Amino acid sequence: MGKSDLIEDETSLAYRLSNLRKDHDLSQKQLADQLHVTHSQISRIESGETKNPNISIVIDAARFFHVSTDYLLGITQITSPKSYDISELRLSEEAVTRLITRRIDVDILNRLLEHEHFPKLCIMIRNYFDDTIAEGIMARNKVIDLAVDQLTDLMTVEPSKRKEIIKDKQFLSSQKLGANEADIEKIKIQFMAILRDIKSSMQKKEPTKAVATAEAVQMIRDALPDKPVSDITSTDLANAVAFYMGQTTDLNDEGLAMVQNLAKYICDNSVQEKNSENS
1 MGKSDLIEDE TSLAYRLSNL RKDHDLSQKQ LADQLHVTHS QISRIESGET KNPNISIVID
61 AARFFHVSTD YLLGITQITS PKSYDISELR LSEEAVTRLI TRRIDVDILN RLLEHEHFPK
121 LCIMIRNYFD DTIAEGIMAR NKVIDLAVDQ LTDLMTVEPS KRKEIIKDKQ FLSSQKLGAN
181 EADIEKIKIQ FMAILRDIKS SMQKKEPTKA VATAEAVQMI RDALPDKPVS DITSTDLANA
241 VAFYMGQTTD LNDEGLAMVQ NLAKYICDNS VQEKNSENS
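Just so we're aligned, residue 1 is where the sequence shown starts under full-length UniProt numbering, counting upward by one.
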């Protein structure tokens, strides 16, 4: 295998390092400066001349590009490092059970999570839960009330304009919103838009992204703590499942945080639902 063949091998360190560098618009010298190595070291790795580079260079390059060393070395196709922090992402025991027992339609769940506007929907829902928008709506309503009061005073001063003023008051009053009405309406519009997109993709028989392979399943197993199966808790399972989600979706940290908050709310209510069914 010649140097050109090695570089074209998409699983080779030479190819992947070169590709990542170019994706970040860096020259070999600029990358070398970032990794505190010489230009010639980077050049030899990318040309395939150096087949077994110093492991510290591989580790530093992986950290710099935010990928796993396994990805750089061609061991896996998954770019995300296994050390991705998922400790704060928790699912309830009932939620994990529903995923494992397929009580939840996994195809629908995949399509929801993969939709480009799903993170935005999660942010909108979080704002609704936190009453982020409600305070602004209430302030707006107070301004409307003030304007209505002024029109009432004007009606006393100019009784000849009573009919016009009454219409103006009615119009202004109709513009008032409930504290969460605007939030709910926006969430409804966004959610329905996502559902329409999903329905369209299903009618066109468009597949979801790749289903978990043996490698992905192994990722979940690797994320579980090293202890007897009987000692593994729901939190352990939740963290393992969350690890898989973090590795296989395109959500950024903010998106995953929103999913975390939404999942916690849904799962907590799922447990309450189960308890009410058993009572």
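Backbone N, C-alpha and C fix where the C-beta goes; we use that ideal spot for every residue, glycine too. None of the values given here were measured: they were computed from a predicted structure.
(request) Work out the CA separation of Phe118 and Thr31 for me, nearest whole Å. (result) According to the sequence shown, residue 31 is Leu rather than Thr. For Leu31 and Phe118, the distance between alpha carbons rounds to 35 Å.
(message) I need the DSSP call for Ile104, collapsed to helix, strand or coil.
(response) coil
(message) By the three-class DSSP mapping on this structure, what secondary structure does Ser4 have?
(response) Residue confidence for Ser4 is low, a pLDDT of 47 falling below 50, so the modelled location carries little weight; the figure read from the coordinates is stated next. It is helical.
(request) Kindly give me the distance between the Cβ atoms of Leu146 and Lys169, rounded to whole angstroms, as I take these residues to be in contact under 8 Å. (result) At roughly 12 Å, the Cβ-Cβ gap does not stay under 8 Å, so Leu146 and Lys169 are not in contact.
(message) Which same chain residues end up closer than 7 Å to Leu17 when comparing Cβ atoms and leaving out the 5 residues on each side of it in sequence?
(response) Ile45, Glu46, Ala61, Leu72
(message) Measuring alpha carbon to alpha carbon, tell me which residue in Asn127, Thr11, Lys199, Ile189 is nearest Asp107.
(response) Lys199
(request) Pull up the distance between the alpha-carbon of Ile187 and that of Met124, whole angstroms please. (result) 6 Å
(message) For Gln30, report the span of its alpha helix (DSSP H) as first-last.
(response) 28-35
(message) For the alpha helix (DSSP H) containing Asn19, name the first residue and the last one.
(response) 13-23
(message) Short of 7 Å in beta carbon distance, which residues of its chain neighbour Ile59, apart from the five on each side in sequence? Order them along the chain.
(response) Thr69
(request) On a CA-only basis, which of His39, Asp197, Glu10, Met155 is nearest Gln77? Give me that one, please. (result) Glu10
(request) Determine the extent of the alpha helix (DSSP H) in which Lys205 is found, giving its start and end residues. (result) First-last for Lys205: undefined, no H or E at that position.
(message) Please report the distance separating the alpha-carbon of Val148 from that of Met155.
(response) 10 Å
(message) Comparing C-alpha positions only, which one of Arg111, Tyr128, Met138 sits nearest to Arg196?
(response) Arg111
(request) Label Ile57 either buried or exposed according to how many other C-beta atoms from any shown protein chain fall within 10 Å of its C-beta, with 16 as the threshold for buried. (result) buried
(request) Figure out for me which residue from Ser201, Asn141, Asp183 has the closest Cα to the Cα of Leu172. (result) Asn141
(message) Just to confirm my understanding: we take Thr38, look at its own chain, exclude 5 residues before and 5 after, and list those with CB closer than 7 Å. What are they?
(response) Ala32
(message) Between the alpha carbons of Asp183 and Ala139, how many angstroms are there, rounded?
(response) 15 Å
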